[in-house]
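The structure appears below as structure tokens.
Number of protein chains: 2
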Amino acid sequence: MRRRSGLINCLQFSSNQRVILMDDPLTEPLDDLTVVRTVSLTNAIEKQIERLIVEGELAPGERLNEIQLASRFGTSRGPLREATRSLEAKGFVEVIRNRGVFVRQLTVEEALEVYDVRAALFGLAGRLLAQKMNDELLAKLNRQLDAMEAAAAQSDFETYYPLNLEFHRTIVESAGNKTLLAEYLRFVKKMHLFRAKSLVQGGGLAVSNREHSEMVDALASGDVERAHATCWRHVERAKARLLAAIEAESTQAASVS
Amino acid sequence: MRRRSGLINCLQFSSNQRVILMDDPLTEPLDDLTVVRTVSLTNAIEKQIERLIVEGELAPGERLNEIQLASRFGTSRGPLREATRSLEAKGFVEVIRNRGVFVRQLTVEEALEVYDVRAALFGLAGRLLAQKMNDELLAKLNRQLDAMEAAAAQSDFETYYPLNLEFHRTIVESAGNKTLLAEYLRFVKKMHLFRAKSLVQGGGLAVSNREHSEMVDALASGDVERAHATCWRHVERAKARLLAAIEAESTQAASVS
DNA sequence: AACCTGTCTATTGTCAACATTTATCGCGTG
DNA sequence: CACGCGATAAATGTTGACAATAGACAGGTT
């Protein structure tokens, strides 16, 4: 099949052959078709590789084999290379000339750097949101708070973690600065590149939720400076928890060996 | 010349044919050659396009013709497309499928968004730097302050502007957070995409320099919160000046028409 | 005159092939 | 046995060609 001649164009995967792009008017409604047309192969591939990285199938430090990935996605190397160059610019992979593309690895120092930047961005979100807080939004945040508390009470981490992400996203999204949101989300994703992902995600459910309550209170108070400081401090505390976890890990490893 | 067979590989330009990549051991010292070997064609092209955008040869909204640019750089379209995908991820161009690549245009709203994010990042820089200030660094900042003051006294904007950029860069760079520096620089570059570039660069030399003095004082005081607030406010004031300039421009245009 | 329609052209999307470099592995030598 | 060295294989860098799309334009119709 050298040419797909406008029939079917799909991205296929290892175990579950998932169809991403459809171009067949017989099997697909017309509305979806127009959507499909706007997505380039490069974009689709980029998203898929990003997924593989975030979900851990591609581990930090691992090399991305162009030929292998291209055949897996059912495309040539051209679009794949374009996708990896985009991912490089976003900081998810590292390209070394004549050597290949590698999933970016975050050192402890870089992870701490990212936390500081995230703190600054999240602080800005708090500042902006405090100025435009309304009842509807407050109700939404309180709902999310309750849901997290319920999950925390049962120590249900699988439920808690996505709720936690969504809560933070709501705050940044509601701040109303799209540039800020895009950067914030990029940095959150970037933390997945840190070797000890579990350490990042860990850190007391109940403790975290107490901070979340404080944050909502500060945001609702309308006190811009307080909201700013509270949101900033929340990320700083997460950074401190990570640091503590790393040190606990290393002393434990030292005592074992 | 189908193959360059390891002799000369150059990027050529319209009026002045500038040689960017050299691979000829006869004309180029070996040290430079090794450097050249590590730079991919894609990277070189990307940097050149970025230069064309920042210097204004490629105006915001303008389309980048792949064939034309590729022939101008003396390469094929492959590396060029990779370069544009990287620039897209960095937010300098916009890619529309089957239509082409366009130099990104910043609306007023987006420009103001960028200012807010920059304020947050620069505030973080101030916070970090206040904690690690030393005599040597303070002397450097004061030297830059003096140089700017001298240029401002003569209303020599051509000298003042790069000094101003360098001063801010010194602060962010000295903060010691590489992630922060990279993001900060990207946002500064992004402001070049705003239609009214002159408005961004404008805004009272003397006024700005008074703020710079305050900033250095705050950084030297060791008071983290004060340094944070002062640096943040400096960017916020620049934003306010831009906003005022835009409104002055629009009212002027309204009165003329 | 406005509008629709079919054709044509310029440009982008994608691919397969070739050139070049790096990594691997077996082999001989000190 | 360790170490360097050369042939081989595999992967990346780059290219030119072909397919498909969007925009321009001319011609006919209402």
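Taken in order, these protein sequences are the chains called A and B. Just so you know, we're using this note's numbering here: the first sequence kicks off at 9 and counts up by one. Just so you know, we're using this note's numbering here: the second sequence kicks off at 9 and counts up by one. Cβ coordinates follow ideal geometry from the N, Cα and C atoms, glycine included.
* Give me the Cα-Cα distance between residue 154 of chain B and residue 179 of chain B, rounded to the nearest whole angstrom. => In the second sequence, residue 154 of chain B corresponds to position 146, counting from 1. In the second sequence, residue 179 of chain B corresponds to position 171, counting from 1. Approximately 16 Å between the Cα atoms of the pair.
* **Residues that residue 89 of chain B contacts on chain A, provided the C-beta gap is smaller than 7 Å** => Translated into the one-based positions of the second sequence, residue 89 of chain B becomes position 81. Chain A residues near residue 89 of chain B: 90.
* For chain B, is any of its Cβ atoms less than 8 Å away from the one on residue 94 of chain A? -> Locating residue 94 of chain A in the first sequence gives position 86, where the first residue counts as 1. For residue 94 of chain A, the nearest beta carbon of chain B is closer than 8 Å to its own beta carbon.
* Give the secondary structure of residue 66 of chain B by DSSP, where H, G and I count as helix, E and B as strand, and everything else as coil. => Reading the second sequence from its first residue, position 58 is the one you call residue 66 of chain B. In the structure shown, residue 66 of chain B sits in coil (DSSP, three-state: anything other than H, G, I, E or B).
* Asked: Going along the chain, which residues of the segment 179–203 of chain B sit with their C-beta nearer than 8 Å to a C-beta in chain A?
  -> For the segment 179–203 of chain B, which is checked against every Cβ of chain A, the residues closer than 8 Å are 185, 186, 187, 188 and 191.
* Between the Cα of residue 148 of chain B and the Cα atoms of B/56, B/109, B/182 and B/165, which residue gives the shortest distance? -> On the second sequence, residue 148 of chain B is found 140 positions in, with the first residue counted as 1. With distances taken between CA atoms, residue 148 of chain B lies nearest to B/182 out of B/56, B/109, B/182 and B/165.
* To do: Measuring only between beta-carbons, confirm whether residue 131 of chain B sits less than 8 Å from chain A.
  => Translated into the one-based positions of the second sequence, residue 131 of chain B becomes position 123. Cβ-Cβ to chain A under 8 Å: yes for residue 131 of chain B.
* **Bridge partner(s) assigned by DSSP for residue 102 of chain A** => On the first sequence, residue 102 of chain A is found 94 positions in, with the first residue counted as 1. For residue 102 of chain A, which the question treats as bridged, DSSP gives the partners A/110.
* To the nearest angstrom, report how far apart residue 246 of chain B and residue 159 of chain A are at their CA atoms. => Walking along the second sequence from the start, residue 246 of chain B turns up at place 238. Walking along the first sequence from the start, residue 159 of chain A turns up at place 151. In this structure, the straight-line span from the alpha carbon of residue 246 of chain B to that of residue 159 of chain A is close to 45 Å.
* **Closest Cα partner of residue 152 of chain A within the set A/87, A/224 and A/238** => For the purposes of this step, residue 152 of chain A is taken as residue 144 along the first sequence, with counting starting at 1. Cα-wise, what sits closest to residue 152 of chain A is A/224.
* With residue 203 of chain B as the anchor, note down where its alpha helix (DSSP H) starts and where it stops. => Here residue 203 of chain B refers to the residue found at position 195 when the second sequence is read from its first residue. Looking at the DSSP string, residue 203 of chain B is not in any alpha helix (DSSP H), and its letter there is neither H nor E.
* Asked: What do you get for residue 96 of chain B, buried or exposed, if any count of 16 or more other CB atoms within 10 angstroms of its CB means buried?
  -> Start at 1 with the first residue of the second sequence, and residue 96 of chain B comes out as number 88. In the assembly as shown, residue 96 of chain B is a buried residue. Its beta-carbon has 16 or more other beta-carbons within 10 Å.
* To do: Could you check how far apart the C-beta atoms of residue 175 of chain A and residue 156 of chain A are, in whole angstroms? I think they sit under 8 Å.
  => Locating residue 175 of chain A in the first sequence gives position 167, where the first residue counts as 1. Locating residue 156 of chain A in the first sequence gives position 148, where the first residue counts as 1. Here residue 175 of chain A really is in contact with residue 156 of chain A; their C-beta atoms are around 6 Å apart, less than 8 Å.
* Label residue 75 of chain B either buried or exposed according to how many other C-beta atoms from any shown protein chain fall within 10 Å of its C-beta, with 16 as the threshold for buried. => For this step, residue 75 of chain B is matched to residue 67 along the second sequence. Result: exposed.
* Asked: Should residue 143 of chain B be flagged as near chain A, meaning a C-beta pair shorter than 8 Å?
  -> Here residue 143 of chain B is taken as the residue at index 135 of the second sequence, counted from 1. It does not: the Cβ of residue 143 of chain B has no partner Cβ on chain A nearer than 8 Å.
* To do: Pull up the CB-CB distance for residue 90 of chain A and residue 93 of chain B, whole angstroms please, since I reckon it's below 8 Å.
  => Taking the first sequence and counting its residues from 1, one reaches residue 90 of chain A at position 82. Taking the second sequence and counting its residues from 1, one reaches residue 93 of chain B at position 85. Residue 93 of chain B and residue 90 of chain A do touch by the CB rule: their CB atoms are close to 4 Å apart, below 8 Å.
* Buried or exposed by the 16-neighbour rule on C-beta atoms within 10 Å, applied to residue 164 of chain B -> As a working mapping, residue 164 of chain B is identified with position 156 in the second sequence. So residue 164 of chain B counts as exposed.
* Any chance the segment 227–236 of chain B sits against the segment 137–147 of chain B, with 3 or more Cβ pairs inside 8 Å? -> Yes, the segment 227–236 of chain B touches the segment 137–147 of chain B.
* Please list the partners that residue 98 of chain A has in chain B, where partner means a Cβ-to-Cβ separation under 7 Å. => Position 90 of the first sequence, counted from the start, is the residue given in the question as residue 98 of chain A. Counting only Cβ-Cβ distances below 7 Å, residue 98 of chain A has contacts in chain B at 97, in chain order.
* Minimum length 4: unbroken alpha helix (DSSP H) runs contained in the segment 142–190 of chain B -> The DSSP assignment places 143–161 and 165–182 as complete runs of the alpha helix (DSSP H) inside the segment 142–190 of chain B, in order along the chain (cut-off: 4 residues).
* Asked: What residues of chain B sit near residue 157 of chain A, judged by a beta carbon separation below 9 Å?
  -> As a position in the first sequence, residue 157 of chain A is number 149, starting the count at 1. Listed along chain B, no residue sits closer than 9 Å to residue 157 of chain A by beta-carbon distance, the nearest being about 29 Å off.
* Asked: By how many angstroms is the C-alpha of residue 200 of chain A removed from the C-alpha of residue 68 of chain A?
  -> By one-based count along the first sequence, residue 68 of chain A stands at place 60. By one-based count along the first sequence, residue 200 of chain A stands at place 192. When rounded, the separation of the alpha-carbon atoms in residue 68 of chain A and residue 200 of chain A is 9 Å.
* residue 72 of chain B - partner residues in DSSP beta bridges -> The count along the second sequence starts at 1 and reaches residue 72 of chain B at position 64. Answer is B/109.
* **Beta-carbon neighbours of residue 122 of chain B, restricted to chain A and to distances below 8 Å** => The residue labelled residue 122 of chain B in the question sits at position 114 within the second sequence. Here the neighbours are 187.
* To do: Count the C-beta pairs between the segment 239–253 of chain A and the segment 95–109 of chain A that are closer than 8 Å, then say yes if the count reaches three, no if not.
  => Taking a contact to require three or more Cβ pairs closer than 8 Å, the segment 239–253 of chain A and the segment 95–109 of chain A do not qualify as touching.
* Separation of residue 123 of chain B from residue 102 of chain B, as counted between CA atoms -> Start at 1 with the first residue of the second sequence, and residue 102 of chain B comes out as number 94. Start at 1 with the first residue of the second sequence, and residue 123 of chain B comes out as number 115. Looking at the two C-alpha atoms, the distance is approximately 21 Å.
* Helix, strand or coil at residue 86 of chain A [DSSP, three-state] -> By one-based count along the first sequence, residue 86 of chain A stands at place 78. Reduced to three states, the DSSP call for residue 86 of chain A is helix.
* **Pick from A/184, A/202 and A/177 that is closest to residue 192 of chain A, judged by C-alpha positions** => Taking the first residue of the first sequence as position 1, residue 192 of chain A is located at position 184. If we check each option's Cα against that of residue 192 of chain A, A/177 comes out closest.
* Exposure label - residue 217 of chain A; buried when at least 16 CB within 10 Å -> Here residue 217 of chain A refers to the residue found at position 209 of the first sequence. Per the 10 Å Cβ criterion, buried.
* Identify the continuous alpha helix (DSSP H) that holds residue 230 of chain A and give its terminal residues. => For the purposes of this step, residue 230 of chain A is taken as the residue at position 222 of the first sequence. Where residue 230 of chain A is concerned, there is no enclosing alpha helix (DSSP H), given that its DSSP letter is neither H nor E.
* Asked: Looking only at its own chain, which residues have a Cβ that is under 7 Å from the Cβ of residue 228 of chain A, when we skip the five neighbours before and after it?
  -> Residue numbering aside, residue 228 of chain A sits at position 220 when the first sequence is read from its first letter. The beta carbon of residue 228 of chain A sits closer than 7 Å to those of 141 and 146, all from its chain and outside the five residues before and after it, given in chain order.
* By the 10 Å Cβ neighbour count, where 16 or more other Cβ atoms means buried, how is residue 173 of chain A classified, buried or exposed? -> Counted from its first residue, the first sequence places residue 173 of chain A at position 165. Label assigned to residue 173 of chain A: exposed.
* To do: Following the continuous alpha helix (DSSP H) through residue 47 of chain B, name the residue where it begins and the one where it ends.
  => Within the second sequence, residue 47 of chain B is the residue found at index 39, counting from 1. Careful: residue 47 of chain B lies outside any alpha helix (DSSP H) and carries neither H nor E.
* Return the Cβ separation of residue 226 of chain B and residue 238 of chain B in integer angstroms, given the expectation that the two are a contact with Cβ distance under 8 Å. => Here residue 226 of chain B corresponds to residue number 218 of the second sequence, with the count starting at 1. Here residue 238 of chain B corresponds to residue number 230 of the second sequence, with the count starting at 1. Contact between residue 226 of chain B and residue 238 of chain B holds, with the beta-carbon distance rounding to 4 Å and staying under 8 Å.
* Under 7 Å from the C-beta of residue 128 of chain A: neighbouring residues of chain B -> Stepping through the first sequence from its first residue, residue 128 of chain A is reached at position 120. Neighbours of residue 128 of chain A on chain B, chain order: 128, 129, 131 and 132.
* To do: Let me know if residue 87 of chain B comes out buried or exposed under the rule of 16 or more other beta-carbons within 10 Å of its beta-carbon.
  => Start at 1 with the first residue of the second sequence, and residue 87 of chain B comes out as number 79. Burial call: buried.
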